[in-house]
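Asks: My questions all concern the structure below.
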Amino acid sequence: MPFITAYKTEQGLAKQANQDALMIKTARTKNGQVGLFVVCDGMGGLSEGEIASKMLVEGLANWFEQTLPILLQSDQEDIPLHLTNKIEHLNQQLIQYGEQHQLKMGSTLTAIFIINQSYYTFQVGDSRAYLLSDDIYQLTKDQTLVAREVERGMITLEEAKSHPKKHVLLQCIGIQSTIEVVKTSGLLTGGELLLLCTDGFYQKLTEREIKDRITTYSTFSKENMESAIMSLVQNLRDREETDDITAVLVNIV
(Lines of atoms letter the chains of each structure in order from A; the text may use other names.)
(Lines give C-alpha, C1' and ligand atoms only; values in the text may rest on other atoms or scores of the structure.)
Protein backbone atom coordinates (compact mmCIF):
# COMPACT_ATOMS: atom_id res chain seq x y z
CA MET A 1 0.00 0.00 0.00
CA PRO A 2 1.52 3.36 -1.00
CA PHE A 3 1.53 6.21 1.52
CA ILE A 4 1.12 9.96 1.28
CA THR A 5 2.41 11.74 4.38
CA ALA A 6 2.34 15.18 5.94
CA TYR A 7 3.64 16.42 9.27
CA LYS A 8 4.16 19.45 11.47
CA THR A 9 6.18 19.97 14.63
CA GLU A 10 6.80 23.22 16.43
CA GLN A 11 7.97 24.54 19.75
CA GLY A 12 5.34 25.42 22.35
CA LEU A 13 4.81 28.98 23.52
CA ALA A 14 6.06 28.18 27.02
CA LYS A 15 9.03 26.07 25.91
CA GLN A 16 12.66 27.02 25.33
CA ALA A 17 13.17 24.07 22.99
CA ASN A 18 11.00 21.63 21.07
CA GLN A 19 11.29 18.34 22.97
CA ASP A 20 9.00 16.48 20.55
CA ALA A 21 10.42 14.32 17.77
CA LEU A 22 8.91 12.46 14.83
CA MET A 23 9.94 9.91 12.25
CA ILE A 24 8.54 8.87 8.87
CA LYS A 25 10.16 5.88 7.19
CA THR A 26 8.82 4.09 4.12
CA ALA A 27 10.35 1.55 1.76
CA ARG A 28 9.37 -0.50 -1.26
CA THR A 29 10.12 -4.18 -0.83
CA LYS A 30 9.32 -7.39 -2.68
CA ASN A 31 6.53 -7.77 -0.11
CA GLY A 32 5.06 -4.38 -1.03
CA GLN A 33 5.46 -1.04 0.69
CA VAL A 34 6.20 -0.90 4.41
CA GLY A 35 6.12 2.11 6.71
CA LEU A 36 7.08 3.07 10.24
CA PHE A 37 5.67 6.29 11.68
CA VAL A 38 6.62 7.61 15.12
CA VAL A 39 5.97 10.55 17.44
CA CYS A 40 7.75 11.11 20.77
CA ASP A 41 7.24 13.69 23.50
CA GLY A 42 10.43 14.13 25.50
CA MET A 43 10.49 15.26 29.09
CA GLY A 44 13.17 16.45 31.47
CA GLY A 45 15.21 19.65 31.65
CA LEU A 46 15.91 21.97 28.74
CA SER A 47 18.07 19.53 26.79
CA GLU A 48 17.22 16.22 28.43
CA GLY A 49 13.79 15.79 26.85
CA GLU A 50 15.21 16.68 23.45
CA ILE A 51 17.93 14.05 23.85
CA ALA A 52 15.45 11.35 24.91
CA SER A 53 13.04 11.82 22.02
CA LYS A 54 15.89 12.16 19.51
CA MET A 55 17.55 8.95 20.75
CA LEU A 56 14.28 7.07 20.27
CA VAL A 57 13.66 8.17 16.69
CA GLU A 58 17.30 7.62 15.75
CA GLY A 59 17.22 4.13 17.26
CA LEU A 60 14.02 3.23 15.42
CA ALA A 61 15.34 4.68 12.16
CA ASN A 62 18.37 2.43 12.52
CA TRP A 63 16.10 -0.58 13.16
CA PHE A 64 14.07 0.23 10.03
CA GLU A 65 17.13 0.64 7.82
CA GLN A 66 19.39 -2.11 9.19
CA THR A 67 17.28 -4.79 10.89
CA LEU A 68 13.94 -4.74 9.08
CA PRO A 69 15.39 -5.75 5.66
CA ILE A 70 16.77 -8.91 7.30
CA LEU A 71 13.47 -9.67 9.03
CA LEU A 72 11.55 -9.26 5.77
CA GLN A 73 13.48 -12.19 4.34
CA SER A 74 12.12 -14.55 7.00
CA ASP A 75 8.90 -14.80 9.03
CA GLN A 76 7.05 -11.47 8.82
CA GLU A 77 4.75 -12.46 11.68
CA ASP A 78 7.67 -11.95 14.07
CA ILE A 79 8.31 -8.34 13.04
CA PRO A 80 6.00 -6.75 15.68
CA LEU A 81 7.77 -8.77 18.39
CA HIS A 82 11.19 -7.65 17.11
CA LEU A 83 10.03 -4.02 17.11
CA THR A 84 8.73 -4.38 20.66
CA ASN A 85 12.10 -5.80 21.70
CA LYS A 86 13.84 -2.84 20.04
CA ILE A 87 11.70 -0.36 21.98
CA GLU A 88 12.48 -2.18 25.24
CA HIS A 89 16.19 -2.09 24.35
CA LEU A 90 15.98 1.65 23.68
CA ASN A 91 14.40 2.07 27.11
CA GLN A 92 17.50 0.50 28.65
CA GLN A 93 19.77 2.68 26.49
CA LEU A 94 18.03 5.86 27.68
CA ILE A 95 18.33 4.79 31.31
CA GLN A 96 22.03 4.02 30.90
CA TYR A 97 22.66 7.33 29.12
CA GLY A 98 20.89 9.19 31.92
CA GLU A 99 22.92 7.42 34.60
CA GLN A 100 26.21 8.06 32.79
CA HIS A 101 25.47 11.77 32.34
CA GLN A 102 23.56 12.24 35.62
CA LEU A 103 20.39 13.18 33.77
CA LYS A 104 16.77 12.30 34.48
CA MET A 105 14.99 12.16 31.16
CA GLY A 106 12.22 10.25 29.47
CA SER A 107 9.87 10.25 26.51
CA THR A 108 6.53 8.97 25.35
CA LEU A 109 6.42 6.89 22.19
CA THR A 110 3.59 6.18 19.78
CA ALA A 111 4.46 4.21 16.66
CA ILE A 112 2.57 2.61 13.79
CA PHE A 113 4.14 -0.06 11.61
CA ILE A 114 2.37 -0.96 8.35
CA ILE A 115 3.05 -4.02 6.23
CA ASN A 116 0.85 -5.53 3.54
CA GLN A 117 -2.70 -4.60 4.65
CA SER A 118 -2.01 -4.69 8.38
CA TYR A 119 -1.11 -1.99 10.89
CA TYR A 120 0.43 -2.43 14.34
CA THR A 121 0.51 0.26 17.03
CA PHE A 122 3.11 0.48 19.80
CA GLN A 123 2.35 2.68 22.79
CA VAL A 124 4.20 3.96 25.84
CA GLY A 125 2.83 7.14 27.46
CA ASP A 126 0.13 9.55 26.33
CA SER A 127 0.87 10.49 22.74
CA ARG A 128 -1.87 9.14 20.48
CA ALA A 129 -2.69 7.34 17.24
CA TYR A 130 -6.03 7.75 15.45
CA LEU A 131 -7.67 6.05 12.49
CA LEU A 132 -9.91 8.21 10.30
CA SER A 133 -12.33 6.50 7.94
CA ASP A 134 -16.09 6.89 8.27
CA ASP A 135 -15.38 8.37 11.72
CA ILE A 136 -12.39 9.02 13.97
CA TYR A 137 -11.17 6.22 16.23
CA GLN A 138 -8.48 6.46 18.89
CA LEU A 139 -6.25 3.40 18.41
CA THR A 140 -4.15 3.90 21.54
CA LYS A 141 -4.99 4.32 25.21
CA ASP A 142 -3.48 7.15 27.23
CA GLN A 143 -1.24 5.66 29.90
CA THR A 144 -2.00 8.36 32.46
CA LEU A 145 -3.32 8.43 36.01
CA VAL A 146 -6.56 10.17 35.02
CA ALA A 147 -7.21 7.84 32.06
CA ARG A 148 -6.96 4.91 34.47
CA GLU A 149 -9.36 6.64 36.87
CA VAL A 150 -11.84 7.23 34.03
CA GLU A 151 -11.60 3.58 33.01
CA ARG A 152 -12.28 2.54 36.62
CA GLY A 153 -15.30 4.83 36.79
CA MET A 154 -13.76 7.02 39.50
CA ILE A 155 -14.00 10.25 37.49
CA THR A 156 -15.80 11.35 34.32
CA LEU A 157 -14.23 12.32 31.00
CA GLU A 158 -15.20 15.93 31.66
CA GLU A 159 -13.54 15.87 35.08
CA ALA A 160 -10.43 14.34 33.53
CA LYS A 161 -9.98 17.31 31.17
CA SER A 162 -9.36 19.72 34.05
CA HIS A 163 -7.89 17.30 36.58
CA PRO A 164 -4.71 18.68 38.24
CA LYS A 165 -2.92 15.37 37.61
CA LYS A 166 -4.00 14.91 34.00
CA HIS A 167 -0.38 14.90 32.79
CA VAL A 168 0.88 12.31 35.28
CA LEU A 169 2.09 9.30 33.26
CA LEU A 170 1.86 5.70 34.42
CA GLN A 171 4.96 4.91 32.36
CA CYS A 172 7.32 6.40 29.82
CA ILE A 173 10.56 5.37 28.16
CA GLY A 174 13.82 6.08 29.97
CA ILE A 175 12.64 6.08 33.59
CA GLN A 176 11.58 2.58 34.61
CA SER A 177 13.74 -0.46 33.92
CA THR A 178 10.65 -2.44 32.91
CA ILE A 179 8.02 -1.06 30.55
CA GLU A 180 4.96 -2.56 28.91
CA VAL A 181 4.77 -1.70 25.23
CA VAL A 182 1.03 -1.86 24.60
CA LYS A 183 0.19 -3.11 21.11
CA THR A 184 -2.91 -3.16 18.94
CA SER A 185 -3.37 -4.24 15.34
CA GLY A 186 -5.90 -4.14 12.54
CA LEU A 187 -6.48 -4.38 8.82
CA LEU A 188 -6.45 -1.59 6.24
CA THR A 189 -8.52 -1.59 3.07
CA GLY A 190 -7.17 1.62 1.53
CA GLY A 191 -8.53 5.13 1.78
CA GLU A 192 -7.98 5.40 5.53
CA LEU A 193 -5.97 8.11 7.24
CA LEU A 194 -3.74 7.54 10.25
CA LEU A 195 -2.84 10.37 12.62
CA LEU A 196 -0.10 10.27 15.24
CA CYS A 197 0.23 13.22 17.61
CA THR A 198 1.65 14.39 20.92
CA ASP A 199 -0.57 15.79 23.67
CA GLY A 200 0.20 19.35 22.63
CA PHE A 201 -1.75 18.66 19.45
CA TYR A 202 -4.83 16.98 20.88
CA GLN A 203 -5.44 18.46 24.32
CA LYS A 204 -7.11 21.65 23.06
CA LEU A 205 -8.87 20.11 20.06
CA THR A 206 -11.91 17.84 20.04
CA GLU A 207 -11.91 14.66 18.00
CA ARG A 208 -14.74 16.11 15.92
CA GLU A 209 -12.67 19.21 15.12
CA ILE A 210 -9.74 17.05 14.06
CA LYS A 211 -11.86 14.82 11.83
CA ASP A 212 -13.87 17.64 10.26
CA ARG A 213 -10.78 19.69 9.41
CA ILE A 214 -8.79 16.79 7.98
CA THR A 215 -11.70 15.42 5.94
CA THR A 216 -12.74 18.83 4.58
CA TYR A 217 -11.09 18.01 1.27
CA SER A 218 -12.51 15.60 -1.29
CA THR A 219 -9.01 14.30 -2.07
CA PHE A 220 -6.15 13.70 0.36
CA SER A 221 -3.20 15.04 -1.58
CA LYS A 222 -0.01 15.95 0.27
CA GLU A 223 -0.86 19.64 -0.14
CA ASN A 224 -4.37 19.22 1.27
CA MET A 225 -3.08 17.14 4.17
CA GLU A 226 -0.44 19.75 5.01
CA SER A 227 -3.05 22.49 4.81
CA ALA A 228 -5.35 20.60 7.20
CA ILE A 229 -2.60 20.11 9.77
CA MET A 230 -1.50 23.75 9.54
CA SER A 231 -5.09 24.88 10.03
CA LEU A 232 -5.40 22.77 13.19
CA VAL A 233 -2.06 24.07 14.48
CA GLN A 234 -3.29 27.62 13.91
CA ASN A 235 -6.35 26.77 16.01
CA LEU A 236 -4.01 25.67 18.78
CA ARG A 237 -2.03 28.90 18.54
CA ASP A 238 -5.27 30.86 18.78
CA ARG A 239 -6.16 28.86 21.89
CA GLU A 240 -2.71 29.61 23.34
CA GLU A 241 -1.46 26.05 23.53
CA THR A 242 1.81 26.24 25.46
CA ASP A 243 3.11 22.71 24.85
CA ASP A 244 5.15 21.51 21.89
CA ILE A 245 2.91 20.46 18.99
CA THR A 246 3.59 17.50 16.71
CA ALA A 247 1.38 15.61 14.25
CA VAL A 248 2.02 13.06 11.50
CA LEU A 249 -0.75 12.30 8.99
CA VAL A 250 -0.59 9.23 6.75
CA ASN A 251 -2.91 8.56 3.82
CA ILE A 252 -3.23 4.87 2.97
CA VAL A 253 -3.71 5.04 -0.79
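Heads up, the sequence shown is in full-length UniProt numbering, so the first residue is 1 and it goes up one at a time. Even for Gly, the Cβ is constructed at its ideal location relative to N, Cα and C. Keep in mind the model is a prediction, meaning the values are calculated, not measured.
#1: Using the rule of at least 16 other Cβ atoms within 10 Å of the residue's Cβ for burial, across every protein chain shown, is residue 265 buried or exposed?
#2: Measure the alpha-carbon distance for Lys204 versus Gln143 and round it to whole angstroms.
#3: What does a CB cutoff of less than 8 Å around Tyr7 pick up in its chain, not counting 5 residues either side in sequence?
#4: Just to confirm, is the Cβ distance from Thr121 to Val39 under 8 Å?
#5: Hey, would you say Ile173 sits closer than 8 Å to Val124, going by beta carbons?
#6: Return the CA-CA distance between Leu188 and His101, expressed in angstroms with no decimal places.
#7: Output the boundary residues of the beta strand (DSSP E) element that contains Gln33.
#8: Look at the alpha carbon of Phe3 and the alpha carbon of Phe220, and state the distance between them as a whole number of angstroms.
#9: When DSSP builds the beta bridges, which residues end up paired with Tyr119?
#10: Go ahead and pull the three-state DSSP assignment for Glu241.
#11: DSSP state of Asp78, grouped into three classes?
#12: Give the straight-line distance between the Cα atoms of Leu170 and Met43, rounded to the nearest whole angstrom.
#13: Indicate whether Ile115 and Ile155 have their beta-carbon atoms separated by less than 8 Å.
#14: Return the CA-CA distance between Ser107 and Asp243, expressed in angstroms with no decimal places.
#15: From the DSSP output, which residues share a beta bridge with Thr9?
#16: Can you give, in chain order, each stretch of the alpha helix (DSSP H) that sits fully within the segment 134 to 176 and has at least 4 residues?
#17: Please state whether DSSP places Tyr97 in a helix, a strand or coil.
#18: In whole angstroms, what is the alpha-carbon distance linking Ile179 and His89?
#19: Using the rule of at least 16 other Cβ atoms within 10 Å of the residue's Cβ for burial, across every protein chain shown, is Glu192 buried or exposed?
#20: State yes or no: is the C-beta of Leu36 within less than 8 Å of the C-beta of Phe113?
#21: With distance defined between alpha-carbon atoms, name the residue in Ile136, Ala52, Gln11, Trp63 nearest to Ala27.
#22: Check this for me: beta carbons of Ala129 and Leu68, under 8 Å apart or not?
#23: Just curious, the alpha helix (DSSP H) that Tyr202 is in, first and last residue?
#24: Looking at the strands, I want to know which residues DSSP matches up with Lys25.
Replies: Taking the definition as stated:
#1: Summary: the structure shown does not reach residue 265, with the chain confined to residues 1 through 253, and so no result is reported for it.
#2: As a working mapping, residue 204 is identified with position 204 in the sequence shown. As a working mapping, residue 143 is identified with position 143 in the sequence shown. Roughly 18 Å between the two C-alpha positions.
#3: Locating residue 7 in the sequence shown gives position 7, where the first residue counts as 1. Only Leu22, Ile24, Ile229, Thr246, Ala247, Val248, Leu249 meet the Cβ criterion.
#4: Translated into the one-based positions of the sequence shown, residue 121 becomes position 121. Translated into the one-based positions of the sequence shown, residue 39 becomes position 39. For Thr121 and Val39, no; Cβs fall outside 8 Å.
#5: Working through the sequence shown from its first residue, we reach residue 173 at position 173. Working through the sequence shown from its first residue, we reach residue 124 at position 124. Taking 8 Å as the Cβ cut-off, Ile173 and Val124 qualify as a contacting pair.
#6: Locating residue 188 in the sequence shown gives position 188, where the first residue counts as 1. Locating residue 101 in the sequence shown gives position 101, where the first residue counts as 1. Between Leu188 and His101, the C-alpha separation is close to 43 Å.
#7: Against the sequence shown, residue 33 aligns to sequence position 33. Counting along the chain, the beta strand (DSSP E) containing Gln33 begins and ends at 32 to 43.
#8: Locating residue 3 in the sequence shown gives position 3, where the first residue counts as 1. Locating residue 220 in the sequence shown gives position 220, where the first residue counts as 1. Whole-angstrom Cα-Cα distance: 11 Å.
#9: Position 119 of the sequence shown holds residue 119. Paired residue(s): Ile114, Gly186.
#10: For this step, residue 241 is matched to residue 241 along the sequence shown. Residue state, collapsed to three classes: coil.
#11: Translated into positions along the sequence shown, residue 78 becomes position 78. Residue state, collapsed to three classes: helix.
#12: Counting from one through the sequence shown, the residue named residue 170 turns up at place 170. Counting from one through the sequence shown, the residue named residue 43 turns up at place 43. In a straight line, the C-alpha of Leu170 is about 14 Å away from that of Met43.
#13: Along the sequence shown, read from residue 1 onward, the residue named residue 115 stands at position 115. Along the sequence shown, read from residue 1 onward, the residue named residue 155 stands at position 155. No, Cβ-Cβ distance for Ile115 and Ile155 is not below 8 Å.
#14: As a working mapping, residue 107 is identified with position 107 in the sequence shown. As a working mapping, residue 243 is identified with position 243 in the sequence shown. Taking the straight line joining both Cα atoms gives about 14 Å.
#15: Taking the sequence shown and counting its residues from 1, one reaches residue 9 at position 9. According to DSSP, which records beta bridges pairwise, Thr9 is partnered with Thr246.
#16: 145 to 151, 157 to 161
#17: The count along the sequence shown starts at 1 and reaches residue 97 at position 97. In the structure shown, Tyr97 sits in a helix (DSSP, three-state: H, G or I).
#18: As a first step, residue 179 is located in the sequence shown; it is residue number 179 there, counting from the start. As a first step, residue 89 is located in the sequence shown; it is residue number 89 there, counting from the start. C-alpha separation (whole angstroms): 10 Å.
#19: Counting from one through the sequence shown, the residue named residue 192 turns up at place 192. Buried, by the Cβ-count rule.
#20: On the sequence shown, residue 36 is found 36 positions in, with the first residue counted as 1. On the sequence shown, residue 113 is found 113 positions in, with the first residue counted as 1. Yes. Within cutoff.
#21: Translated into positions along the sequence shown, residue 27 becomes position 27. Checked all of Ile136, Ala52, Gln11, Trp63; the closest Cα to Ala27 is Trp63.
#22: Position 129 of the sequence shown, counted from the first residue, corresponds to residue 129. Position 68 of the sequence shown, counted from the first residue, corresponds to residue 68. No; because the gap between Cβ atoms is not below 8 Å, this pair is not in contact.
#23: Counting from one through the sequence shown, the residue named residue 202 turns up at place 202. Note, Tyr202: alpha helix (DSSP H), 199 to 202.
#24: Locating residue 25 in the sequence shown gives position 25, where the first residue counts as 1. DSSP lists Leu36 as partners of Lys25.
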